[in-house]
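Peer 1:
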Amino acid sequence: MPPVSPSADIIIKKEIITNLEKGNMPVVHAIVLHRTGGSSLSAAMASFRNSGIGTHFIIDKDGTIRQTANTNKYAYHIGKIRARCMEEGTCSPEEAKKIKGFGWAPTKIHNNEKVKKYPARYPLNTDSLGIEVVAGYNTTTKLWDPATPQQKTAINYLVKKLQATFNLTDKDIYEHDKISYKTAGEGAGLYVAG
Numbered sequence: 001m002p003p004v005s006p007s008a009d010i011i012i013k014k015e016i017i018t019n020l021e022k023g024n025m026p027v028v029h030a031i032v033l034h035r036t037g038g039s040s041l042s043a044a045m046a047s048f049r050n051s052g053i054g055t056h057f058i059i060d061k062d063g064t065i066r067q068t069a070n071t072n073k074y075a076y077h078i079g080k081i082r083a084r085c086m087e088e089g090t091c092s093p094e095e096a097k098k099i100k101g102f103g104w105a106p107t108k109i110h111n112n113e114k115v116k117k118y119p120a121r122y123p124l125n126t127d128s129l130g131i132e133v134v135a136g137y138n139t140t141t142k143l144w145d146p147a148t149p150q151q152k153t154a155i156n157y158l159v160k161k162l163q164a165t166f167n168l169t170d171k172d173i174y175e176h177d178k179i180s181y182k183t184a185g186e187g188a189g190l191y192v193a194g
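Counting in UniProt numbering, the sequence shown runs from 1 upward without gaps.
(1) Does the separation of the CB atoms of A147 and G189 fall below 8 angstroms?
(2) Beta carbon of K80, beta carbon of T107: below 8 angstroms?
(3) Among N24, H29 and K142, which residue has its Cα nearest to the Cα of T165?
(4) Considering only the alpha carbon of each residue, which of R82, P123, V192 and K116 lies closest to Q151?
(5) Classify G103 as buried or exposed, calling it buried when 16 or more other Cβ atoms lie within 10 Å of its own Cβ.
(6) Which of the three DSSP states is assigned to Y191 in this structure?
(7) CA-CA distance, R35 and A96?
(8) Within the segment 119-153, note down every full beta strand (DSSP E) run reaching 3 residues or more, in order along the chain.
(9) Please say whether A154 and I10 have beta carbons closer to each other than 8 angstroms?
(10) If you run the structure through DSSP and keep just helix, strand and coil, what is residue 204?
(11) Are R172 and E186 touching if we call contact CB-CB under 8 angstroms?
(12) Measure the C-alpha to C-alpha separation of C91 and H56 and round it to an integer number of angstroms.
(13) Please identify the residue among R49, S39 and M25 whose C-alpha is closest to the C-alpha of E15.
(14) May I have the straight-line CA-CA distance separating P26 from K116, to the nearest angstrom?
(15) Can the beta-carbon of I99 be found closer than 8 angstroms to that of N112?
(16) What's the call for N125, buried or exposed, on a 16-neighbour Cβ count within 10 Å?
(17) What residue range does the beta strand (DSSP E) around A30 cover?
(18) Tell me the residue span of the alpha helix (DSSP H) that contains E95.
(19) Taking just the CA atoms, how far does N24 sit from A184?
(20) Hey, would you say I65 sits closer than 8 angstroms to I12, going by beta carbons?
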């Protein structure tokens with residue numbers, strides 16, 4: 001990806017964590033939006049380094065964007081994907097019967113989905129970029145911290161830049177919890193289409 005030139009009030013820092021880069025990614029089909037689940041950038045970055053799981057970009061509460069993986073490399077940020085046709089009500093009767101026959105079996109569903117071509121399936125680690133927003137989750141109230149105004153500005157800026165670079169549309173932007181088996185609301189309200 002060409003260097004992203006920030007606007008006057010958006011800062012982008014390149015801090016590549018090579019442990020996140022799992023292999024070459026020849027095509028980018030989508031962007032997946034995440035929240036960290038914790039309220040500190042330092043904890044999220046340490047987790048990225050130690051676990052080797054994380055996103056290509058992370059946005060701190062002040063709106064600073066850090067690029068943590070190169071956009072031509074894939075990273076583990078999605079996990080097992082849901083059956084898109086089941087979620088959207090577009091399965092053929094045969095496909096619906098097959099998927100229902102799996103029962104609660106995310107691995108079987110994921111393996112069935114990953115052989116499909118995008119956009120017949122949700123994006124995979126191997127063809128999508130991840131953007132993480134530093135935001136906590138309250139296990140008592142079951143609510144995520146909202147993005148700060150600075151984060152929302154940075155998200156919109158970064159998404160638009162990536163859309164232009166990779167010829168993506170708003171239909172290629174996904175909330176993590178909508179496509180994978182994650183905590184409800186994780187990606188909600190981070191990006192406003194349009």
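For glycine and all other residues, C-beta sits at the position ideal for the given N, C-alpha and C.
Peer 2: Taking the definition as stated:
(1) Closer than 8 angstroms, so yes.
(2) The Cβ atoms of K80 and T107 lie closer than 8 angstroms to each other.
(3) Taking the Cα of T165 as reference, the smallest distance to any Cα among N24, H29 and K142 is reached at H29.
(4) Nearest of R82, P123, V192 and K116 to Q151, Cα basis: V192.
(5) Residue environment for G103: exposed (fewer than 16 other C-beta atoms within 10 angstroms of its C-beta).
(6) In this structure, Y191 counts as coil in the three-state DSSP scheme.
(7) Straight-line measurement puts the Cα of A96 at about 31 angstroms from the Cα of R35.
(8) For the segment 119-153, the continuous beta strand (DSSP E) assignments of 3+ residues that do not extend past its boundaries occur at 128-138, in sequence order.
(9) Pairing I10 with A154 gives a Cβ-Cβ distance under 8 angstroms.
(10) This structure cannot speak to residue 204, because the chain is shown only from 1 to 194.
(11) Note on identity: in this sequence residue 172 is Asp, with Arg being the wrong assignment. No, the pair does not count as a contact, with Cβ atoms beyond the cut-off.
(12) In this structure, the straight-line span from the alpha carbon of C91 to that of H56 is close to 32 angstroms.
(13) Of the candidates R49, S39 and M25, the one whose C-alpha sits nearest the C-alpha of E15 is R49.
(14) Between the C-alpha atoms of P26 and K116 there is a straight-line separation of about 17 angstroms.
(15) Their beta carbons are under 8 angstroms apart, which means I99 touches N112 by this criterion.
(16) The residue in question, N125, is buried, as its Cβ has 16 or more Cβ neighbours within 10 Å.
(17) Taken as a continuous stretch (DSSP letters only), the beta strand (DSSP E) holding A30 covers A30 to G37.
(18) Annotation for E95: the continuous alpha helix (DSSP H) segment containing it runs P93 to G101.
(19) Their backbone Cα atoms lie some 30 angstroms apart in a straight line.
(20) Between I65 and I12, the CB-CB gap stays under 8 angstroms.
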